[in-house]
Amino acid sequence: MNRVKDSNQLKWLKGIVALSCLVSIAAAFQPPTAGLQGILPELAPYDISLEEFDIIPAKQEAWGDWSNETAILVTDLYEDTELDAAGQTELLDKLDARLTLIEGWLKDPRYANLHNEFTILYGRVKRRSDLARAALQTLTLDPASITQQQREDALSKLKPAISALVSDMNSRGSRGISWLNYFKIDPLKELSIDSENTVEALNASKAVFAQRETLSDELKDFVMKPVFNNVATAIDATLEVWNQPPPENYDVDALRTELGELVAAVERYEDSNLTADAAAIRNYAANFGATALDGGARIKSVLEKHYLNHNVVFKASEQFLSKMASDPQTRSAPISEYVGNARVSGSSTTNYNTHVDLRSNPNVAEMELQLQGTVRTSTVAVVPDARIGSGGNHSFTARQRLTFNGTELSLYSAPQIDINVNNYTTSINTKADGTVFADTGRRRAQQAIAARRGQTDATTRSKINDQVMPEFRREVPKKVDEINKKLNEDLVSRLKEKDLFPVKQSTSTTDSVLTLASTILKESKVGGDLPNITPELTSGAAVYLHESAANTILDELNFAGRTMTETEVKTELEQKLSEWLGKDFEFPVEDVNAEGEPVKEGEEEGEETVFLFDANDPIRIQFQGDQILFTIRAGFRREGKDDLETQIITVPINFSMKDSNTILIEADTPAVHSESGANVAQSNAIKKRIMSAFPPRERPRQVSIEREGQSDIQLNIQDVKALNGWLTIKVL
């Protein structure tokens, strides 16, 4: 296979073309038809260069060819100087078509052996492709298209508000229809951007809405309902859009300069995740657009999607939630009572457990807490003329609908219960037994039992309801309050105290998965990207932590600019982790050294390292290439010598499932460099010292979740991935 050879030849040829055009690109004014030339880097960024597309395994020849073709498209986007705006748009369309294919493959378990490679390539290219398209669209906008888009957006918000009002009023009969006529709603239903009477119809309806305050109190209370207010607000917003003047022509030079600076800041952040570049992205997300016809809407949308998105995501399957809620119980009780003239005795055994049934809701997590149980009875009823043996095999499901907004559970509706009754006769003995009238006696008893079956079943249903529902109504709200209190004390209040509470949260449910998405974001920091695409979660749960959240948390260590010994670093880490976890935390004592050799008791560790942490970004984490890249920016104190200047030390950390019980954590050899360049001896000494802090570690895959008053839940870590900025931990 000639993949490497072809790639090298292609890179060499494109390099010649790029160099030959360098001066003209840098010096010449770029008209709108030049599109992205002079805005994007002159060469494709390293992490999406031709070489990086070689991550597809060599044995996958068909995929390798497809990867090469995609790599050429990416390279052409940056390096083909003959492409104008139209050509770049066509290229981006082709690239997006390939990204759409990858999305499908990432959701398909049949391609699991290539999911890591696809995830890496998809994330890197998708962010650049979306930003490039937004920049190109921003450059090529014209005032007429902006006005049309703004009007379409306004109508898209007005129409649902009108539909909701019409539906509500139609349900009220002629009185509701009269209100629609009163507020002149009918002319608004068919409005479009081409309608000639749009402003006239909107103003006519607005004038009536403005008179609501003059109505009687009773009528005013009715027409001030949200369904009316939503229409009034949407009318005002639509009129504002229709009446505003068209945008003026923009300063193309200033816009191109600003776009170029934005792209450069994004690429610097992609490379190193440094705070200064994150701050630049935040600034552009807030302020970009003074020179753009759309006010920067397209660019801001991409930055929000890829750099200010949720950065902590939790997903739980219905099976996992039911496992967490599970509390199987068995209750047995004797039966001794009179029913009419019959004395009934026997026993009853009730088995029940708690189950969670998720309900699809895109706006808030919605679920039904179900108490599912069976009741088995065995009784004997004695009446003057007979002795009747009976059995019962009944089932019930008590239901309580709940919602979860990320910080608390709420009762959504009144509890309900479904009861299935199955009573049956096991024996009949009458006084006529042993006589010629035995059959007649049993037949009459059976007829009497059948005649009373409806009443018997109703009585059974009532008894089960009385047995289950009072306790269910009492215990569910109590349990919800306990959970909310624990959430607030153990999580919410602690995060708020540390100023790490999410600035935004959302919850949603499908009929099988609950999703909680949070954004931990501080001033001058960025958020997350779109979560990695994976096959649908069918069991267990998964935590997705973006490197932006991890770095925001690491900044709370306050190591910047400090001089600290190894022991001080370890002690402060233990203190911080204890605060965050709400319980004492200590790093385990290692019994092996960096080479994996046993540490002998009393063995000397040598001189303790003293770190001179850099004032900016002293510790950074990246989740890339299925490794955690742990970067330290620090100098070192040397006894009897000058301090060693700040070094940038990156330690790649690997996770692997050693066996069914153990996770193996190993560090690769660190990369060490400084601005002035450390000599080989210094680099080797630093590597050795740093590696001593990262010996191979084995950790259990089992995690125990404590439950007050109930048995602990045992979970097993199934997988750990560090791809495309996201650390993913899946448990069963």
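In terms of our numbering, the numbers along the sequence shown are unbroken and rise by one, the last being 795.
Ideal placement from N, C-alpha and C gives every residue a C-beta, glycine not left out.
Every value quoted in this text rests on a predicted model; they were computed, and no experiment measured them.
Next on the checklist: For the structure I just gave you, are there three or more beta carbon pairs, one from the stretch 125-139 and one from the stretch 354-363, closer than 8 Å?
Outcome noted: no
Item to check | Among Leu-558, Phe-564, Arg-439 and Leu-384, nearest to Ser-410 - alpha-carbon criterion | outcome: The candidate whose alpha carbon is nearest that of Ser-410 is Arg-439.
Item to check | Of the residues Asp-257, Ile-256 and Ser-230, the one placed nearest Asp-249, counting alpha carbons only | outcome: The residue among Asp-257, Ile-256 and Ser-230 with its C-alpha nearest the C-alpha of Asp-249 is Ser-230.
Item to check | Residues near Glu-664 by beta carbon distance below 6 Å, same chain, minus five either side | outcome: Bear in mind that the predicted position of Glu-664 carries a pLDDT of just 44, short of 50, making it unreliable; the figure below should be weighed with that in mind. Correct list: empty, nothing qualifies.
Checklist entry - So Ser-279 and Lys-247 are in contact, right, with Cβ under 8 Å, and what is the actual spacing, rounded? => result In fact, because the Cβ distance is near 20 Å, the residues do not count as touching under 8 Å.
Item to check | Straight-line gap, Asn-327 to Asp-216 (C-alpha atoms, nearest Å) | outcome: Checking the sequence shown, residue 327 turns out to be Ala, not Asn. Approximately 31 Å between the Cα atoms of the pair.
Checklist entry - Shortest alpha-carbon distance to Phe-299 belongs to which of Ala-270, Val-290 and Thr-277? => result Going by the sequence as given, residue 299 is Asp instead of Phe. Here the closest residue by C-alpha is Ala-270.
Item to check | Beta-carbon proximity of Leu-577 to Met-430, cut-off 9 Å | outcome: yes
Checklist entry - Start and end of the alpha helix (DSSP H) containing Tyr-332? => result 315-335
Item to check | Inter-residue CB distance, Ser-571 and Ala-428 (contact presumed, cutoff 8 Å) | outcome: 6 Å
Checklist entry - Gln-777 and Asp-390 look like a contact to me (Cβ under 8 Å); what is the Cβ gap, rounded to whole Å? => result That belief does not hold up - the Cβ atoms of Gln-777 and Asp-390 are roughly 15 Å apart, past 8 Å.
Item to check | Run of the beta strand (DSSP E) containing Lys-567, from where it starts to where it stops | outcome: 567-572
Checklist entry - Where does Cys-84 fall in DSSP's three states? => result Residue placement at Cys-84 cannot be trusted, given a pLDDT of 36 that sits under 50; the coordinates are not used to answer.
Checklist entry - Would DSSP call Phe-92 helix, strand or coil? => result At Phe-92 the pLDDT is 38, less than 50, meaning the model places this residue with poor confidence; the figure from the coordinates comes in the next sentence. Reduced to three states, the DSSP call for Phe-92 is coil.
Next on the checklist: Using CA atoms only, rank isn't needed, just tell me which of Ile-119, Gln-100 and Gly-150 is closest to Thr-320.
Outcome noted: Gln-100
Checklist entry - In whole angstroms, what separates the C-alpha of Thr-261 from that of Val-290? => result 22 Å
Checklist entry - Is the CB-CB distance between Arg-696 and Gln-710 below 9 Å? => result yes
Checklist entry - Along the chain, where does the beta strand (DSSP E) that runs through Gly-603 open and close? => result First-last for Gly-603: undefined, no H or E at that position.
Checklist entry - Roughly how many whole angstroms lie between the Cα atoms of Arg-505 and Thr-522? => result 24 Å
Next on the checklist: If you follow the beta strand (DSSP E) that Ala-785 is in, where does it begin and where does it stop?
Outcome noted: 773-786
Item to check | Backbone secondary structure at Glu-664 - three-state DSSP | outcome: For Glu-664, the predicted structure reports a pLDDT of 44, less than 50, and the residue's modelled location is therefore unreliable. The matter cannot be settled from this model.
Checklist entry - Touching or not, the stretch 548-568 and the stretch 441-460, by the rule of three or more beta carbon pairs under 8 Å? => result no
Item to check | Completely contained beta strand (DSSP E) runs for the stretch 508-592, where each covers 3 or more residues | outcome: 567-572 and 576-582
Checklist entry - How big is the Cα-Cα spacing for Pro-598 and Asp-171? => result 6 Å
Next on the checklist: For the pair the stretch 368-386 and the stretch 579-591, tell me if three or more CB-CB distances fall below 8 Å.
Outcome noted: Verdict: yes, contact present.
Item to check | Rounded separation between Asn-528 and Thr-412 - CA only | outcome: 15 Å
Item to check | Own chain residues within Cβ distance below 6 Å of Ala-379, not counting five before or after | outcome: Leu-577 and Ala-604
Next on the checklist: Quick check on this structure: which residue in Glu-105, Pro-104, Asn-483 and Asn-131 has the alpha carbon closest to the alpha carbon of Glu-114?
Outcome noted: Asn-131
Next on the checklist: Distance check for Asp-159 and Ile-314, CA to CA, integer angstroms please.
Outcome noted: One point to set straight first is that residue 314 is Asp, not Ile, in the sequence displayed. So the two alpha carbons sit approximately 29 Å from each other.
Checklist entry - Is it buried or exposed for Tyr-109, if we count other Cβ within 10 angstroms and need 16 for buried? => result Exposed, since its Cβ has fewer than 16 Cβ neighbours within 10 Å.
Checklist entry - Ser-408 to Glu-552, Cα distance in whole Å? => result Our two residues, Ser-408 and Glu-552, have alpha carbons roughly 49 Å apart in a direct line.
Checklist entry - So what's Met-232 in DSSP terms, helix, strand or just coil? => result helix
Item to check | Residue from Ala-317, Asn-306, Arg-515 and Ala-227 with nearest C-alpha to Val-213 | outcome: In the sequence on display, residue 213 carries Gln and not Val. When each option's Cα is compared against that of Gln-213, the closest is Asn-306.
Next on the checklist: Between the alpha carbons of Ser-112 and Thr-152, how many angstroms are there, rounded?
Outcome noted: 20 Å
Checklist entry - Thinking C-beta only, is Leu-103 closer than 9 Å to Ala-198? => result yes
Checklist entry - What are the start and end residues of each continuous beta strand (DSSP E) run of 3 or more residues lying completely inside the stretch 706-776, in chain order? => result 707-720, 725-730, 734-736, 760-763 and 765-770
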